[in-house]
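Note sheet for the following structure.
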Amino acid sequence: MITIKPHHFLDVIKLYGKGIEKFVPDKKYKHNFYSVANELMNNHEIKIQLTSGKDDICGPCIYINEDGICTDSIDHIPGVNSKDEWNKTLDHRIMSYTKVVEKDQLTAFEYCKILYLEKEHIFDVWKEESDSSKQIRYDTFCIGAKKYLGML
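Just so you know, the UniProt record's numbering puts 103 at position 103 of the sequence shown, and the rest follows in order with no gaps.
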């Protein structure tokens with residue numbers, strides 16, 4: 001089973017939509033994005049459990065403290081400096097529109113299908129970002145989800 005934040009799952013599918021099919025280690029942050037993403041790509045029936053806290057991707061990241069809080073900062077969202085705060089905002093928005101809550105368990109395929117059916121909400125979830133950023137996120141997620149779900 002993989003414990004994953006909803007926005008991390010969306011990021012994996014979005015990058016798959018950009019053409020990445022084999023993920024490689026991140027030497028800067030030292031997180032497990034690559035291994036979790038590769039596992040999701042190789043096993044669509046793997047069980048996932050959703051969280052808005054520390055997940056299997058960010059667990060080993062250099063910015064995760066002993067309490068599981070991300071200490072990294074951001075500056076691209078007015079009024080938000082904490083990456084942890086921003087990530088939790090995104091994850092709660094995603095869970096709200098999909099009606100899938102923390103600790104729910106389902107297969108990666110099932111979750112991708114739920115996200116795809118509610119894909120228009122991407123514009124609401126990332127409402128603070130530019131229209132062009134949201135459109136790219138939407139387009140690449142849709143391509144990735146269609147590939148993942150066998151619709152392409």
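Just so you know, even glycine gets a beta-carbon here, dropped at the ideal spot from N, CA and C.
To the nearest angstrom, how far is the alpha carbon of Glu-102 from that of Lys-113? 18 Å
Which residue or residues does DSSP assign as beta-bridge partners of Ser-73? Ser-82
Which residues in the same chain have their Cβ closer than 7 Å to the Cβ of residue 165, if we skip the five residues on either side of it in sequence? Any answer about residue 165 is impossible in this case: the structure gives the chain only from 1 up to 152.
Ile-136 in three-state terms, based on DSSP: helix
Length-filtered (4 minimum) alpha helix (DSSP H) runs lying within the region 90 to 144: 108 to 117 and 122 to 125
Distance between Ile-13 and Thr-140 (C-alpha atoms, nearest Å): 8 Å
Give the DSSP-derived three-state secondary structure of Ile-57 in the structure shown. coil
Excluding the 5 residues preceding and the 5 following Lys-146 in the sequence, name in chain order all residues of the same chain whose CB lies nearer than 6 Å to its CB. Leu-152
Once you ignore the five residues that flank residue 153 on each side, which residues in its own chain have a CB closer than 6 Å to its CB? Lying before the first or after the last residue shown, residue 153 is absent from the chain, which here runs from 1 to 152.
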